[in-house]
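Trainee:
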Amino acid sequence: MLPAWIDAETLRWIILISIVVLIVFMFWVARAIRKSFVRITVMVLISALGFGLWVQQDGLADCAKDCSCSLFGMSVEIPSNRIPDFC
């Protein structure tokens, strides 16, 4: 379970900022690591993490409609002003 102060909207912003940080890190890896195999491996791993975060972030956009939000299987609190009446 995630901490109570993390709601779906806050988590979406945290994920977007994390993706930007990963992109900056990828550029740094591309310039700093000289061995091709290591560079490609690290960049593939970073890309996979970024893709996973993007997919999870996209799911958080509409989760209030389903009355359940989760991030990598952990439940996320829905803000009280976004909870539909039928939940």
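The opening residue of the sequence shown carries number 7 in my numbering; numbering runs sequentially from there.
Cβ atoms here follow ideal geometry from the backbone N, Cα and C, with glycine treated the same way.
(1) Between which two residues does the alpha helix (DSSP H) harbouring S24 extend?
(2) Is S74 helix, strand or coil when you go by DSSP?
(3) Is the CB-CB distance between L59 and I21 below 7 Å?
(4) Please tell me whether V4 and A14 are closer than 7 Å, where the distance is taken between their beta carbons.
(5) Looking at L77 and S18, is the spacing between their C-beta atoms short of 7 Å?
(6) Taking the C-alpha atoms as reference points, what is the distance between L51 and R37?
(7) Give every residue of the same chain whose Cβ lies closer than 8 Å to the Cβ of C69, excluding the five residues on either side of it in the sequence, and list them in chain order.
Mentor: In this structure, then:
(1) Where S24 is concerned, the enclosing alpha helix (DSSP H) starts and stops at A14 to A38.
(2) coil
(3) yes
(4) Because the chain here runs from 7 to 93, residue 4 falls outside it and cannot be looked at.
(5) Sequence check: residue 18 is Arg here, not Ser. Going by C-beta atoms, R18 is not nearer than 7 Å to L77.
(6) 16 Å
(7) A14, C75, S76, V82 and I84
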